[in-house]
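A.B. asks:
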Amino acid sequence: MSFRNVNPQKAFTRSTIKLLISCLVNSENGNFGTNGWNNWKDNGKGTGIGLRGDAETLKIMLDWFRDSPLLTAAYLHASSSVDVSYLPHLEAWGDWAMHDVPRTDEDCIPYVSSITKNHYQELSLYTLMKVVLPLTKIGLVLGKPEYVEEAKRQFLLHVKYLQDIQTNLFWNAWCFPERCHSERPRNAKLNCLITVSIPDFIEMLSLPPEESVCKFLKGVLKGQIDALVDLQDKQTGLWHGYLDEPTSNLDVSATAGFAYGILKALRTRLIPKEERYVNCAKQAIKGIFDKTFADDGLKQTSSGMPVFDDPEDYKKVKLTHVNDQSFTLLALTEHLRTFL
Numbered sequence: 005m006s007f008r009n010v011n012p013q014k015a016f017t018r019s020t021i022k023l024l025i026s027c028l029v030n031s032e033n034g035n036f037g038t039n040g041w042n043n044w045k046d047n048g049k050g051t052g053i054g055l056r057g058d059a060e061t062l063k064i065m066l067d068w069f070r071d072s073p074l075l076t077a078a079y080l081h082a083s084s085s086v087d088v089s090y091l092p093h094l095e096a097w098g099d100w101a102m103h104d105v106p107r108t109d110e111d112c113i114p115y116v117s118s119i120t121k122n123h124y125q126e127l128s129l130y131t132l133m134k135v136v137l138p139l140t141k142i143g144l145v146l147g148k149p150e151y152v153e154e155a156k157r158q159f160l161l162h163v164k165y166l167q168d169i170q171t172n173l174f175w176n177a178w179c180f181p182e183r184c185h186s187e188r189p190r191n192a193k194l195n196c197l198i199t200v201s202i203p204d205f206i207e208m209l210s211l212p213p214e215e216s217v218c219k220f221l222k223g224v225l226k227g228q229i230d231a232l233v234d235l236q237d238k239q240t241g242l243w244h245g246y247l248d249e250p251t252s253n254l255d256v257s258a259t260a261g262f263a264y265g266i267l268k269a270l271r272t273r274l275i276p277k278e279e280r281y282v283n284c285a286k287q288a289i290k291g292i293f294d295k296t297f298a299d300d301g302l303k304q305t306s307s308g309m310p311v312f313d314d315p316e317d318y319k320k321v322k323l324t325h326v327n328d329q330s331f332t333l334l335a336l337t338e339h340l341r342t343f344l
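First residue of the sequence shown? That's 5 in my numbering, and the numbers climb one at a time after it.
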């Protein structure tokens, strides 16, 4: 390819993705707690970097997974280029998720935080990323339709209990004993989990547009995105940690999740290609680029979001630069597709 045909924006996006992977894997400042590359308790980052598809990135994933499961493992096992089997791990985890994990009333899979000492009767959107999506993929890989059907049911139950029908945004948590939501529905970090999960879930299952679960989730996603368009900070393209509180911190990790979900929803036609959606995604990507630095990767991301009893505790969550770098990688990789 000649120099004149190189798209500078595309090249910049690629270099930023490579930078983020390098900073995430090689950073040595130690300010991560359990969120460092080798200690992080989540499995989403492997999914994010896997979309690049090159040999160097695949090696990073394989080296990391020797000690760190699970959604990533299902993708690696399904890849014909990987000469190693994770089948026993997938079978054991899938069986645990289906039969042994504690359940709430109405047989929902609960959320239990490593920070707060909550009980096994609370729901959070985190379960979609940590359990429902892995269970879906493992069900497909292992040929277990009952896993897939349970994942569908769990997804619908979490929408039922966590969606705020007045705003189309989502509550932080639902508690079964008190039959009530947490104080506020508009936390950006938790809301972006829906924006990320719905397009991935529909794509993972290859749900046809006329299928009832697909149609329902498309409506949920569009309603949330409509609300997000109005709440986006017009100067920076980012969203506030409390979506409707302009005095709260701007959260780049949540913004990346929103950007990824909106871009993917546009590409897969889950939402119409209207100017307001396209511009919203463009401004979000610009805001992410503005917060990415060559020496340390992405800045101004929240370090986690447990379920607190006091709404003020959410404002005390520290900002860091590792947690949810995977959302940024997902967003920028999806952004690359706009250059095709």
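Where a beta carbon is used, it is the ideal one built from N, C-alpha and C, also for glycine.
(1) Is the separation between the beta-carbon of residue 137 and that of residue 234 shorter than 8 Å?
(2) Going by DSSP in three states, residue 249 sits in which element: helix, strand or coil?
(3) Return the chain-ordered list of same chain residues with a C-beta closer than 6 Å to the C-beta of residue 285, the five sequence neighbours on each side being excluded.
(4) Where do the N-terminal and C-terminal ends of the alpha helix (DSSP H) with residue 199 fall, by residue?
(5) Any C-beta of chain C sitting closer than 8 Å to the C-beta of residue 225?
(6) Would you decide whether residue 295 is buried or exposed? Buried here means 16 or more other CB atoms lie within 10 Å of its CB.
(7) By alpha-carbon positions, which one of 151, 126 and 245 ends up nearest to residue 261?
(8) Can you look up residue 174 in the DSSP assignment and give me helix, strand or coil?
(9) Taking the alpha helix (DSSP H) that residue 241 falls in, what are its first and last residues?
(10) Is the distance from the Cβ of residue 164 to the Cβ of residue 257 below 8 Å?
(11) Can you tell me whether residue 222 is buried or exposed? The criterion is at least 16 other CB atoms within 10 Å of its CB, across all chains shown.
(12) For residue 167, which beta-bridge partners are listed by DSSP?
(13) Does DSSP put residue 215 in a helix, in a strand, or in coil?
(14) Per DSSP, what kind of secondary structure is residue 344 in: helix, strand or coil?
(15) Give the DSSP-derived three-state secondary structure of residue 284 in the structure shown.
C.D. replies: Let me spell this out:
(1) Not in contact: residue 137 and residue 234 (Cβ atoms no closer than 8 Å).
(2) DSSP, reduced to helix, strand and coil, places residue 249 outside both helices and strands of the structure shown, so it counts as coil.
(3) Taken in chain order, the residues that qualify are 263, 266 and 267.
(4) 192-209
(5) Included in the structure is just one protein chain, with no chain C present.
(6) buried
(7) 245
(8) strand
(9) Looking at the DSSP string, residue 241 is not in any alpha helix (DSSP H), and its letter there is neither H nor E.
(10) no
(11) buried
(12) 174
(13) coil
(14) coil
(15) helix
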